[in-house]
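>
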Amino acid sequence: MNPAHLDTLLAILDEGSFEGAAFALGISPSAVSQRMKALEHAAGRVLIRRATPPEPTEAGEVIAQMARKMGLLRTEVDAQLSGRMGALPLAVSVNADSLSLWFPQVLSSVASWPNATLHVRVEDETHSKHLLSRGDVMGAVTTEARPVAGCEVRELGVMRYVSVANPRLLDRFSRDGEVDWEAMPVLRFGPRDRLQDLDLERRIGYVPPRRNVSEIPSVDAFLEATRLGLGWSLLPEAQAQPLLARGELVLLDAAQIEVALYWQCWRLESSTLHRLSRAVQEAASVLPPIR
1 MNPAHLDTLL AILDEGSFEG AAFALGISPS AVSQRMKALE HAAGRVLIRR ATPPEPTEAG
61 EVIAQMARKM GLLRTEVDAQ LSGRMGALPL AVSVNADSLS LWFPQVLSSV ASWPNATLHV
121 RVEDETHSKH LLSRGDVMGA VTTEARPVAG CEVRELGVMR YVSVANPRLL DRFSRDGEVD
181 WEAMPVLRFG PRDRLQDLDL ERRIGYVPPR RNVSEIPSVD AFLEATRLGL GWSLLPEAQA
241 QPLLARGELV LLDAAQIEVA LYWQCWRLES STLHRLSRAV QEAASVLPPI R
């Protein structure tokens, strides 16, 4: 398959449109369409669903993953032959809490590599399996211990979460010393964030159907919304401790939720990918081990 056509497929998926791909590649939208038609003709099947944004078909996911692997290896070969390292696009998926608390050490490591570029997608750790299988990312911090096809898995550690709330919010939604879980408003990071649901199922056996849920898709804003009393939440223990110490938050109970994290990446003979995996494991060494 023509490498230029493969690059065009990836540009469409990454930019979210044929027009965006044209701008990124420095060609016309009609040229993007022509390249895609040629690639689909070579593959013998449709690779992109012409939707908004464009979505890869099952065959398109396979081709996209192959294209990213080829692109990484091609860049490494060019570097070895010419002694010059081109841009190395490292696409990874990381959950927001990890990105805030321990993943910055990975950013520091990659910053010291010649011409490496890091494309970080902030996704719930339960969704990253889908991104790996589609070929959107070459590595992901995930809760999935079973390897995605074509990937290898390494243990990272556990993130410990505690249930907390503003003291005034707890007073408003407590009766005779018992928390009114059905009535107390709750926070979540986004529609895929099920931590609070899992915690409620553990506590009362079900998720109340008509509760007040606020979505705050920012780590800093989520912490602030919890502190101000917009709702109760599950926070990483390390993040909650300073606010608990100052009395700005209180524990709803002493129980902790432990979320086991794994690093999944493509099974590929790539020195850059191996280096990235080492950097992720070193950064995650601050986490308690998986039991």
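In terms of full-length UniProt numbering, the sequence shown opens at residue 1 and continues consecutively.
Backbone N, C-alpha and C define an ideal beta-carbon position, used for all residues, glycine too.
With a threshold of 6 angstroms on Cβ separation, who are the neighbours of LEU169 within its own chain once the five nearest residues in sequence on each side are excluded?
Along the sequence shown, one-based indexing puts residue 169 at 169. Cβ within range, chain order: GLY229.
> Quick one: what's got a C-beta closer than 7 angstroms to GLU15's C-beta in the same chain, skipping five residues either side?
On the sequence shown, residue 15 is found 15 positions in, with the first residue counted as 1. For GLU15, where only same-chain residues beyond five positions count, the Cβ hits under 7 angstroms are ALA21, ALA24.
> Which ranges would you report for the beta strand (DSSP E) in the segment 86 to 133 if only whole runs of at least 3 residues count?
List check, beta strand (DSSP E) in window: 88 to 94, 116 to 122.
> Hey, which unbroken runs of the alpha helix (DSSP H) at 4 residues or more fall wholly within the segment 200 to 243?
List check, alpha helix (DSSP H) in window: 219 to 228.
> Going straight from the alpha carbon of LEU244 to that of ASP220, what length do you get?
On the sequence shown, position 244 is the one that residue 244 refers to. On the sequence shown, position 220 is the one that residue 220 refers to. If I take the Cα positions, the gap works out to 16 angstroms.
> Can you grab the Cα-Cα spacing for the pair GLN105 / ALA116, in whole Å?
Residue 105 sits at position 105 when you count from the first residue of the sequence shown. Residue 116 sits at position 116 when you count from the first residue of the sequence shown. Near 15 angstroms, if we compare the C-alpha coordinates of ALA116 and GLN105.
> Note the first and the last residue of the continuous alpha helix (DSSP H) segment covering VAL13.
Here residue 13 refers to the residue found at position 13 of the sequence shown. Going by the sequence as given, residue 13 is Leu instead of Val. Here the alpha helix (DSSP H) through LEU13 covers 3 to 15.
> Where do the N-terminal and C-terminal ends of the beta strand (DSSP E) with VAL186 fall, by residue?
Numbered from 1 along the sequence shown, position 186 holds the residue referred to as residue 186. VAL186 -> beta strand (DSSP E) spans 186 to 188.
> Which residue comes first and which comes last in the alpha helix (DSSP H) that contains ALA149?
Within the sequence shown, the letter at position 149 stands for residue 149. Here ALA149 belongs to no alpha helix (DSSP H), and DSSP marks it neither H nor E.
> Within 10 Å of its beta-carbon, does ALA51 have 16 or more other beta-carbons around it, so buried, or fewer, so exposed?
Along the sequence shown, one-based indexing puts residue 51 at 51. ALA51 is exposed by the Cβ-count criterion.
> Assign ASN2 to one of two classes, buried (16 or more other C-beta atoms within 10 Å of its C-beta) or exposed (fewer than that).
Residue 2 sits at position 2 when you count from the first residue of the sequence shown. With fewer than 16 Cβ atoms within 10 Å of its Cβ, ASN2 is classed as exposed.
> Quick check: what's the CA-CA separation for PRO208 versus HIS127?
Taking the sequence shown and counting its residues from 1, the one referred to as residue 208 is at position 208. Taking the sequence shown and counting its residues from 1, the one referred to as residue 127 is at position 127. Distance between the alpha carbons of PRO208 and HIS127: 24 angstroms.
> Going by DSSP in three states, SER277 sits in which element: helix, strand or coil?
The residue labelled residue 277 in the question sits at position 277 within the sequence shown. Of the three classes helix, strand and coil, the one that applies to SER277 here is helix, per DSSP.
> So, are the CB atoms of SER233 and GLN196 less than 8 angstroms apart?
Counted from its first residue, the sequence shown places residue 233 at position 233. Counted from its first residue, the sequence shown places residue 196 at position 196. Cβ distance < 8 angstroms, so SER233 and GLN196 count as in contact.
> On the three-state DSSP scale, how would you describe ASP180?
The residue you call residue 180 lines up with position 180 of the sequence shown. ASP180 falls in the coil class under three-state DSSP.
> The alpha helix (DSSP H) that contains residue 292, what's its start and end?
This structure leaves residue 292 out entirely; the chain is present only between 1 and 291.
> Pick from LEU90, SER17, ASP136, LEU198: whose alpha carbon is nearest that of PRO53?
The count along the sequence shown starts at 1 and reaches residue 53 at position 53. It is SER17.
> From the DSSP output, in three-state form, read off GLY20 for me.
Start at 1 with the first residue of the sequence shown, and residue 20 comes out as number 20. GLY20 falls in the helix class under three-state DSSP.
> DSSP three-state call for MET159: helix, strand or coil?
Within the sequence shown, numbered from 1, the residue matching residue 159 stands at position 159. In this structure, MET159 counts as strand in the three-state DSSP scheme.
> Assuming residue 298 is part of the beta strand (DSSP E), what are its boundary residues?
The chain is shown only over 1 to 291; residue 298 falls outside these bounds and no answer can be derived.
> Just how far apart, CA to CA, sit ALA260 and ARG227?
Here residue 260 refers to the residue found at position 260 of the sequence shown. Here residue 227 refers to the residue found at position 227 of the sequence shown. ALA260 and ARG227: Cα-Cα distance of roughly 26 angstroms.
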